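Residue numbers in the sequence shown follow the numbering used here, run continuously in steps of one, and reach 646 at the last position.
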Amino acid sequence: MTDAPTPAPGTSAKSMDDIVALCRRRGFIWQSSEIYGGINGFWDYGPLGAQLKKNIRDAWWQDVVTCPPDGPDGHPLQIVPVDCTIIMNPKVWEASGHVGGFNDLRVDCRETNNRYRADQISVMVSWDTEAGSGDESSDAIQRLFAFTANDQESYEAARKKAEKYAKHIGVKVAKNPATWPLTHAEFEGAFDYVVGPDTERPGTLTEPRQFNLMFKTHCGAVEDEESLAYLRPETAQGIFTQFWNVVDTSRVKVPFGIAQMGKAFRNEVTPRNFTFRSREFEQMEIEFFIVHPEALQPGDLTPTDWYQYWCDQRFAWWQSIGLAGSNLQLREHEKDELSHYAKEGAGTSDIEYRFPFTAPGFGELEGVAHRTDFDLRQHAEHCGQGDRAKYFDQDRKARYFPHVIEPSAGADRGTLAVLCEAYTPDPSRPSGVYMNFTPRMAPIKAGIFPLVAKDGMPEIAEKLYRDLRERWAVQFDVKQSIGKRYARMDEAGTPYCFTIDGETVSGGASGGTVTVRHRDTQQQDRIAIDKVAQFLAEKIG
Ligand code: ATP
106 MTDAPTPAPG
116 TSAKSMDDIV
126 ALCRRRGFIW
136 QSSEIYGGIN
146 GFWDYGPLGA
156 QLKKNIRDAW
166 WQDVVTCPPD
176 GPDGHPLQIV
186 PVDCTIIMNP
196 KVWEASGHVG
206 GFNDLRVDCR
216 ETNNRYRADQ
226 ISVMVSWDTE
236 AGSGDESSDA
246 IQRLFAFTAN
256 DQESYEAARK
266 KAEKYAKHIG
276 VKVAKNPATW
286 PLTHAEFEGA
296 FDYVVGPDTE
306 RPGTLTEPRQ
316 FNLMFKTHCG
326 AVEDEESLAY
336 LRPETAQGIF
346 TQFWNVVDTS
356 RVKVPFGIAQ
366 MGKAFRNEVT
376 PRNFTFRSRE
386 FEQMEIEFFI
396 VHPEALQPGD
406 LTPTDWYQYW
416 CDQRFAWWQS
426 IGLAGSNLQL
436 REHEKDELSH
446 YAKEGAGTSD
456 IEYRFPFTAP
466 GFGELEGVAH
476 RTDFDLRQHA
486 EHCGQGDRAK
496 YFDQDRKARY
506 FPHVIEPSAG
516 ADRGTLAVLC
526 EAYTPDPSRP
536 SGVYMNFTPR
546 MAPIKAGIFP
556 LVAKDGMPEI
566 AEKLYRDLRE
576 RWAVQFDVKQ
586 SIGKRYARMD
596 EAGTPYCFTI
606 DGETVSGGAS
616 GGTVTVRHRD
626 TQQQDRIAID
636 KVAQFLAEKI
646 G
């Protein structure tokens with residue numbers, strides 16, 4: 106078992122605790138129902154966070170639906186939107202495989218009643234196995250300390266317990282503890298001596314058990330099997346079930362995409378890492394329908410071409426909204442990670458971000474999967490249409506179920522990544538930190554401030570504010586010192602502040618000018634007040 110230790114989670118330059126504290130203090134993200142103590146796995150967005158998340162959704166909609174990119178053949182892609190319901194006929198989830206298969210193996214702790222995803226439990230030993238004190242026959246190995254993977258806090262807790270235990274039995278503590286994930290089989294063999302993430306003694310964890318992630322509800326007055334319904338665990342199935350209506354009512358023809366954005370719900374076993382693993386979240390999904398491989402003609406783009414195209418497109422999109430550095434990566438799945446439908450396909454890749462809580466590892470923002478014709482075929486069979494539901498391709502004179510490339514992104518994980526990336530500690534400023542959002546993502550595009558609340562400055566500032574607010578999300582603020590107002594804007598990530606001062610009023614030497622303060626450099630220039638709108642149009646669009 107000790108053959109393949111995974112590297113110990115490292116520390117990141119940015120502290121997640123600080124980011125969470127800023128999110129709370131400045132109204133980006135709060136616990137849902139906080140006044141009642143919150144509810145695990147559910148989060149609310151405050152004024153700044155709601156606008157930030159909307160900017161991400163708007164950017165996606167603009168770049169995917171309103172103005173999609175050119176395809177690999179140089180023609181603009183056709184992508185149309187749908188907006189489907191959260192509760193659907195339960196047969197949808199039988200056909201999609203979710204009722205039977207949408208299960209995570211979970212492990213419960215009998216002592217604390219905490220519940221973990223079995224595939225996310227890793228274990229460590231913190232003594233020097235090389236020195237001969239930890240070989241399988243010795244007492245030392247009879248304790249493995251579990252932690253939840255990609256969770257720094259849980260890792261540190263396990264490390265402390267392991268070190269304490271090593272000292273207790275008198276073995277040498279290793280500098281880098283050996284850690285590794287437990288496979289299902291290993292887990293069953295080892296649970297007698299695994300110390301759970303939140304306990305001190307071994308043997309409190311149950312064996313891994315099935316757990317269906319779909320939230321159940323009932324439609325109508327009677328709560329019985331007949332009225333059972335589910336909250337959708339993904340938006341994709343709405344697209345697949347309306348595929349035929351879209352084809353019949355719009356002029357799309359393969360290759361084309363259907364896009365949907367909306368809430369999805371999963372009763373996650375261990376919601377954690379702030380909004381990263383929530384029980385209610387928002388997805389932004391494209392199902393891109395392409396020619397079935399058997400109907401391909403010479404010169405046609407293959408599923409592999411489209412799959413590669415979408416991996417590249419989506420990676421570039423995340424870069425364009427501010428995740429441009431080495432914290433973003435595209436990772437191809439290993440064969441044993443692939444879902445049931447993807448095994449036959451061209452592949453599955455994840456676009457991942459290195460969050461402070463996953464560092465040095467990465468967490469998924471978006472999956473790009475070749476789903477083959479699995480979903481359309483399943484629905485055609487389950488609704489009784491069978492082959493009659495095949496799409497007729499007029500160009501190729503062929504009937505088939507189109508294959509699908511699915512780029513499926515999370516708006517909440519995206520928002521969290523943008524927040525983490527933008528968070529920039531800077532001890533030289535009064536706020537100690539600023540958020541360097543790209544102008545497109547910034548919740549507030551500009552602050553408009555009179556230097557002092559007298560001498561005609563507020564009136565001029567208010568007029569400028571009224572002009573600009575017709576086009577941009579701008580904020581007018583007269584309270585507190587100008588330094589404090591800049592500090593607030595730094596924490597909100599506002600890229601520009603315009604200040605009306607004595608020179609603006611007098612029209613003095615520089616005549617009718619305001620100062621423009623640049624967030625990232627704190628540099629200030631003067632520009633003519635009647636050029637402010639043009640300035641913002643150039644910088645923000
Ligand atoms: P994970 O392996 O992290 O559970 P997944 O592979 O099950 O994710 P998908 O089913 O591919 O995720 O969902 C597509 C996207 O939806 C993910 O890339 C992610 O951004 C988002 N997403 C999925 N589950 C959650 C969740 N519990 N909380 C927030 N976002 C989620």
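All C-beta atoms, glycine included, are put in the ideal place defined by N, C-alpha and C. Treat the numbers as computed from the prediction; the structure is a model and nothing was measured.
Query: Check: R264 C-beta below 8 Å from any heavy atom of ligand 1; Result: no
Query: Inter-residue Cα distance where the pair is D630 and T529; Result: 23 Å
Query: Euclidean distance between Cα positions of A283 and S259; Result: 15 Å
Query: Q418 CB to nearest heavy atom of ligand 1 below 8 Å; Result: no
Query: Spatial neighbours of I510 in its chain, beta-carbon cut-off 6 Å, leaving aside the 5 residues before and after; Result: F393, W411, Y412, W415, H475
Query: Bounding residues of the alpha helix (DSSP H) (the contiguous stretch that carries F420); Result: 408–425
Query: heavy atom of ligand 1 below 8 Å from L470 C-beta; Result: yes
Query: Spatial distance of S586 from S536 (CA atoms); Result: 13 Å
Query: Which listed residue (T346, K269, L127) has its alpha carbon closest to that of C488; Result: T346
Query: G612 CB to nearest heavy atom of ligand 2 below 8 Å; Result: As presented, the structure is devoid of ligand 2, carrying ligand 1 as its sole ligands.
Query: Three-state class that DSSP yields for W135 in the structure shown; Result: strand
Query: Buried versus exposed call for L333 [16 or more other C-beta atoms within 10 Å across all chains shown]; Result: exposed
Query: Separation of N350 from N160, as counted between CA atoms; Result: 30 Å
Query: Inter-residue spacing [alpha-carbon to alpha-carbon] between T322 and P548; Result: 36 Å
Query: Residue from G452, K368, A558 whose Cα sits closest to the Cα of D188; Result: K368
Query: Heavy atom of ligand 1 within 8 Å of T520 beta-carbon; Result: no
Query: Complete runs of the alpha helix (DSSP H) confined to the segment 467–546 [at least 4 residues]; Result: 479–487, 516–527
Query: Straight-line Cα distance separating D560 from G607; Result: 8 Å
Query: Proximity of A503 and R493 at Cβ, strictly below 9 Å; Result: no
Query: Whole-angstrom C-beta distance between S231 and A271, which should lie under 8 Å; Result: 6 Å
Query: 4 or more residues per run - each alpha helix (DSSP H) lying fully within the segment 137–171; Result: 152–166
Query: Pair within 9 Å by beta-carbon distance, D209 and L318; Result: yes
Query: Nearest candidate by alpha-carbon position, reference W423, set L401, R593, A551, P512; Result: P512
Query: With 16 other Cβ atoms within 10 Å as the buried cut-off, status of N145; Result: exposed
Query: Own chain residues within Cβ distance below 7 Å of E526, not counting five before or after; Result: G427, L428, N432
Query: Cα-Cα separation between A593 and A514, rounded to whole angstroms; Result: What sits at residue 593 in the sequence shown is Arg, not Ala. Taking the straight line from one Cα to the other gives about 31 Å.
Query: N- and C-terminal bounds of the alpha helix (DSSP H) containing Q434; Result: Taken as a continuous stretch (DSSP letters only), Q434 belongs to no alpha helix (DSSP H), being part of the beta strand (DSSP E) at 433–437.
Query: N- and C-terminal bounds of the alpha helix (DSSP H) containing D630; Result: Counting along the chain, D630 falls outside any alpha helix (DSSP H), though it belongs to the beta strand (DSSP E) covering 629–633.
Query: Contact under 9 Å by Cβ, G617 with D635; Result: yes
Query: C-alpha distance - D517 paired with K277, whole-angstrom precision; Result: 44 Å
Query: Per-residue burial, R356 [other beta carbons within 10 Å of its own, 16 or more giving buried]; Result: exposed
Query: W577 in three-state terms, based on DSSP; Result: coil
Query: C-alpha distance - V169 paired with M546, whole-angstrom precision; Result: 16 Å
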